[in-house]
Amino acid sequence: MDKIVSLCKRRGFVFPSSEIYGGLGSTYDYGHYGVLLKQNVKAEWWRAMLQERDDIVALDAAILMHPRTWEASGHLAGFTDPLVDCRTCKQRFRADHIESSACGRKPSKRPGETPDCDLTDPRDFNLMFQTTLGPVKESGATVYLRPETAQGIFVNFKNYLQFSRKKPPFGIAQIGKSFRNEITPGNFVFRTREFEQMEMEYFVPPDEAPKWFEHWLEQRMNWYTELGLRPDHLRLRAHAPDELSHYSSATSDVEYLFPIGWSELEGIADRGNFDLTQHAEFSGQKLEYVDTASGERYVPHVIEPAAGADRAALAFLVDAYDEDEIGDEARTVLRLHPRLAPVKVAVLPLVKKDGQPEVAAQIHRELRGRMSAEYDEGGAIGRRYRRQDEIGTPFGVTVDHQTLEDHTVTVRERDSLVQERVPVTELADELERRLRAPWSSPKLPRV
Ligand code: GAP
Numbered sequence: 223m224d225k226i227v228s229l230c231k232r233r234g235f236v237f238p239s240s241e242i243y244g245g246l247g248s249t250y251d252y253g254h255y256g257v258l259l260k261q262n263v264k265a266e267w268w269r270a271m272l273q274e275r276d277d278i279v280a281l282d283a284a285i286l287m288h289p290r291t292w293e294a295s296g297h298l299a300g301f302t303d304p305l306v307d308c309r310t311c312k313q314r315f316r317a318d319h320i321e322s323s324a325c326g327r328k329p330s331k332r333p334g335e336t337p338d339c340d341l342t343d344p345r346d347f348n349l350m351f352q353t354t355l356g357p358v359k360e361s362g363a364t365v366y367l368r369p370e371t372a373q374g375i376f377v378n379f380k381n382y383l384q385f386s387r388k389k390p391p392f393g394i395a396q397i398g399k400s401f402r403n404e405i406t407p408g409n410f411v412f413r414t415r416e417f418e419q420m421e422m423e424y425f426v427p428p429d430e431a432p433k434w435f436e437h438w439l440e441q442r443m444n445w446y447t448e449l450g451l452r453p454d455h456l457r458l459r460a461h462a463p464d465e466l467s468h469y470s471s472a473t474s475d476v477e478y479l480f481p482i483g484w485s486e487l488e489g490i491a492d493r494g495n496f497d498l499t500q501h502a503e504f505s506g507q508k509l510e511y512v513d514t515a516s517g518e519r520y521v522p523h524v525i526e527p528a529a530g531a532d533r534a535a536l537a538f539l540v541d542a543y544d545e546d547e548i549g550d551e552a553r554t555v556l557r558l559h560p561r562l563a564p565v566k567v568a569v570l571p572l573v574k575k576d577g578q579p580e581v582a583a584q585i586h587r588e589l590r591g592r593m594s595a596e597y598d599e600g601g602a603i604g605r606r607y608r609r610q611d612e613i614g615t616p617f618g619v620t621v622d623h624q625t626l627e628d629h630t631v632t633v634r635e636r637d638s639l640v641q642e643r644v645p646v647t648e649l650a651d652e653l654e655r656r657l658r659a660p661w662s663s664p665k666l667p668r669v
């Protein structure tokens, strides 16, 4: 993980937030390449949810919601973690994570292990951030930064039935920021207090819920593997009954083998009719599906694949990170799926003279209308390749003296290092063809 964190800072993917003031615990800013990577992750999620299906529609709900939402959803009463304070070191711990936490004074020990430790009894700590709506704190209404995007979907269920002409099974998908005042955030962007979720609520006839639960387990596993995560680093883990959230009758996590061990990447839950029933009760509105032909009415059940955009981006980075040697020289390379790579192609003149920069700049201008492209003429060619390898650019296009004679360039592949000459007139089509081709991680053993 240290190597990932250092690469992310060095190459402008992720920085600690407000760093010039010493940072703010576990909040991060995405730099240029991090923005592009996360944007690509989200675009692939939208593609899988919207473009490749016709039973899901999109939503972008407000972060601030009516406070009754959180009473109905159960978050106000139950979205808590058990908190323990140490009166000696003044640190706070999650009671259920004590075994894996470090004592504030003696980090090799766990909290409570030394005679000096003085732990309080666990108490429930609500993870929702509060703020006040309106200019006067005393008379304003207390509202919450949403801890999940899902509730924005449930409160819009009626609108969607009316405008979208969908009937169950159908889904509403949303990507947006969520906020949780985590007691022990950490492990870089794995657990932060502000993060982006990619959630889809799939409304189904009650008797079809088990079938759709299985469907979404399979779909979501496939999404990760098609985008290149190594299958032996992915697994599904079903929650034990005592782990289930208050709303769920079945949940399975997609887990990835992060450097910190197997950890949740995404949760897929059967939420039953809990949310629609609760919101119907608290709002007084009917939240049910009525079949106009048969007159049948029911409250749909909900299958929810809930993923984290930051966690997914981190998993793709971890899975892609590699070190090898070219000749005698060490290189760091991100073997990202080409569709996820922040930059698809770098255009490089071999030398900064003989008209090569002008030709390369022209090729770059033509390519950037079709894909994310960079132009770089600074430094030795090997160092420029190395810079692109480090940010995961799958293709390097080099303009050399031969280009000026026969209008061909070399295309260098990041993973195989194979270089091929391609006519400039065919370059964009050829690169697009390669970007669409199926891809699997070269870190997998070849058969
Ligand atoms: N609506 C259901 C829900 O929110 P969750 O398992 O609490 O379920 C879904 O969250 C996903 O959101 C997680 O699998 C994870 O990827 C991401 N996530 C949750 N808390 C996070 C945090 N503190 N930091 C980063 N990502 C988080």
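Residue numbers (the numbering used here): 223 to 669.
Glycine included, every Cβ here is placed at the ideal spot set by N, Cα and C.
Coil, strand or helix - residue i by DSSP
i: residue 230; result: helix
i: residue 444; result: helix
i: residue 433; result: helix
i: residue 355; result: strand
i: residue 425; result: strand
i: residue 662; result: coil
i: residue 611; result: helix
i: residue 322; result: helix
i: residue 271; result: helix
i: residue 251; result: strand
i: residue 242; result: helix
i: residue 415; result: coil
i: residue 538; result: helix
i: residue 453; result: helix
i: residue 400; result: strand
i: residue 236; result: strand
i: residue 293; result: helix
i: residue 408; result: strand
i: residue 544; result: strand
i: residue 331; result: coil
Rounded distance between the beta-carbons of residue j and residue i, thought under 8 Å
i: residue 475; j: residue 486; result: 4 Å
i: residue 505; j: residue 491; result: Their Cβ separation, rounded to whole angstroms, is 22 Å, which puts residue 505 and residue 491 out of contact at 8 Å.
i: residue 523; j: residue 494; result: 5 Å
i: residue 431; j: residue 271; result: The pair is not a contact, with the Cβ atoms about 19 Å apart (cut-off 8 Å).
i: residue 423; j: residue 351; result: With a Cβ gap of about 23 Å, residue 423 and residue 351 do not count as contacting.
i: residue 415; j: residue 428; result: The pair is not a contact, with the Cβ atoms about 36 Å apart (cut-off 8 Å).
i: residue 418; j: residue 595; result: Not confirmed; about 26 Å, so no contact.
i: residue 234; j: residue 250; result: Not quite, the Cβ-Cβ distance comes to about 13 Å (not below 8 Å), so this is no contact.
Own chain partners of residue i with C-beta closer than 8 Å, once the 5 adjacent residues on each side are dropped
i: residue 480; result: 223, 409, 412, 536, 537 and 540
i: residue 657; result: 560, 561, 566, 593 and 616
i: residue 484; result: 457, 459, 477 and 478
i: residue 652; result: 633 and 644
i: residue 455; result: 478, 479 and 541
i: residue 248; result: 404, 407, 408, 413, 414 and 415
Beta-carbon contacts of residue i that lie in its chain and below 7 Å, excluding the five residues immediately before and after
i: residue 227; result: 410
i: residue 439; result: 458, 474 and 490
i: residue 426; result: 390, 391, 434, 522, 523 and 525
i: residue 340; result: 308, 309 and 310
i: residue 666; result: 452
i: residue 648; result: none
Proximal residues to residue i (C-beta, below 6 Å), its chain only, five neighbours per side dropped
i: residue 327; result: 311
i: residue 317; result: 304, 306 and 344
i: residue 468; result: 296 and 300
i: residue 655; result: none
i: residue 176; result: With the chain covering 223 to 669 only, the question about residue 176 has no answer from this structure.
i: residue 286; result: 365
i: residue 294; result: 500, 501 and 504
i: residue 398; result: 371
Residues bridged to residue i [DSSP beta-bridge criterion]
i: residue 265; result: The partner list for residue 265 (beta bridge, DSSP) is empty, contrary to what the question assumes.
i: residue 347; result: 303
i: residue 654; result: Residue 654 pairs with nothing; no bridge assigned.
i: residue 393; result: 278 and 424
i: residue 641; result: 634
i: residue 365; result: 353
i: residue 382; result: Paired residues: none, contrary to the question.
i: residue 315; result: 306
i: residue 286; result: 367
i: residue 439; result: The partner list for residue 439 (beta bridge, DSSP) is empty, contrary to what the question assumes.
i: residue 258; result: According to DSSP, which records beta bridges pairwise, residue 258 is partnered with nothing at all.
i: residue 341; result: 308
### Task
List in chain order: all unbroken alpha helix (DSSP H) runs of 4+ residues lying wholly within the region 457-536.
496-505
### Message
Just to confirm the assignment: which complete beta strand (DSSP E) runs, minimum length 3, are found wholly within the region 548-634?
### Response
551-556, 567-571, 595-597 and 617-621
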